[in-house]
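Report on the following structure.
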Amino acid sequence: MGIAEQKTVAERARQTFDDLTRAERQLANALLDNYPMLGLESITAVAESAGVSTPTVVRMAKKLGFGGFPEMQASLRAELQATISNPIAKHDQWAASALEGHLLSRFADAVTENIRQTLHQIDKAAFDAVAGLLSDPERNVHVVGGRITRSMADHFFTHMQVIRPGVTQIASNSNSWPHYVLNMRAGDVLVAFDIRRYEHDILRLTEMARARDVTVVLFTDQWGSPAARHAAHRFHARIEVPSAWDSTAVILFISEALIAAIETRTWETTRARMNELEELFDKTRLFRKFV
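Quick note: the sequence shown uses our numbering, first residue 24, plus one each step.
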């Protein structure tokens, strides 16, 4: 099984959630709320934290496809190691298991598989719910990204700014973030992007936003940023490719699909804004015209 095909414990829990018993769902929610750290505790500590029995922990581990709790815990330890891997370690991991064929083909295969697995796990009702939130003119939208994910946040903001008013891009300098939080109102939406080697500043920002009754929408990877504990909605995208760097292709795909959904919902308003924007472009002669 290739790296891109391995499922995390969190992915297994989300996929099998509807088939779990009430106690097992309670345990799954506890694990996902403090992922992966709770699962690394002793089986007794895990059971006590989730308010379930130790046999429930064993049963759920088996339902997730593991031989038992120790095997699930070993998988969690491997995931934790993966989330803190630096670019050099990621390159060496892929180089050691490199298959035959041109890198372009291997890279394309990895991205294609990432898209397939990610789409299989996305809840379409949750996707529509996020589109509805971001289409609501009564809610201001705030967008933020980290060191690597800042470009995706910028891409999302640029399109959202055309679609509707009331959209703010939070500056990259985290020292200024309290100023942005000051302007957040209850009911607003914070869209955050954060993938592995997760950033402390993103975690703190989402925590402060949630404390102000702001709805957090998080784009993250298959393991899940710690900021997920403050997010009402999460999009988990697979990011591993044969490179020292992670791929954000699937996250971009989901965010662009979301942009299309929002645009469709708000088309009358969006079309008027687009027409006005085109007039402004003509006045500034930003784009070259051939006729």
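We treat Cβ as the ideally placed atom computed from N, Cα and C, and that holds for glycine.
Considering residue i, what are the terminal residues of the beta strand (DSSP E) in which it resides?
i, result
"Ala215", "Val212 to Phe216"
"Gln144", "Per DSSP, Gln144 belongs to no beta strand (DSSP E); it is in the alpha helix (DSSP H), Leu126 to Gln144."
"His256", "His256 to Ala260"
"Gln192", "Val190 to Gln192"
"Leu241", "Thr238 to Asp244"
"His182", "Careful: His182 lies outside any beta strand (DSSP E), inside the alpha helix (DSSP H) at Arg173 to Ile186."
"His165", "Val164 to Val167"
Cβ atoms of residue j and residue i: under 8 Å apart, would you say?
i, j, result
"Arg235", "Val212", "no"
"Ile262", "Ile218", "yes"
"His259", "Gly247", "yes"
"Leu12", "Thr287", "Missing from the structure shown is residue 12; the chain here goes from 24 to 314 and no further."
"Ala51", "Leu43", "yes"
"Arg37", "Gln144", "yes"
"Thr172", "Val273", "no"
"Thr229", "Ala209", "no"
"Lys86", "Thr31", "no"
Does the beta-carbon of residue i have 16 or more other beta-carbons within 10 angstroms, so that it is buried, or is it exposed?
i, result
"Gly25", "Note on Gly25: pLDDT 44, under 50, position unreliable in the model; the coordinate value appears next. With fewer than 16 Cβ atoms within 10 Å of its Cβ, Gly25 is classed as exposed."
"Trp333", "The first residue shown for the chain is 24 and the last is 314, placing residue 333 beyond what the model contains."
"Ala101", "exposed"
"Ala68", "exposed"
"Asn198", "exposed"
"His125", "exposed"
"Ala27", "Legend: pLDDT at Ala27 = 39, less than 50; position of this residue unreliable, no value from coordinates given."
"Gln104", "exposed"
How would you write the range of the alpha helix (DSSP H) that residue i sits in, first residue to last?
i, result
"Val69", "Ile66 to Ala73"
"His202", "Trp200 to Leu205"
Skipping 5 residues on each side, what residues in its chain have a beta carbon closer than 6 Å to that of residue i?
i, result
"Tyr221", "Ser248 and Pro249"
Below 7 Å CB to CB, which residues in the same chain sit around residue i once its five sequence neighbours on both sides are set aside?
i, result
"Val75", "Ala46, Gln49 and Leu50"
Leaving out five residues on either side along the sequence, give the residues of the same chain with a beta carbon under 8 Å from the beta carbon of residue i.
i, result
"Ile285", "Ala154, Leu157, Ser158, Met183, Ile186 and Arg187"
#### Entry: Every unbroken alpha helix (DSSP H) inside the stretch 264-295 [4 residues or more]
272-288
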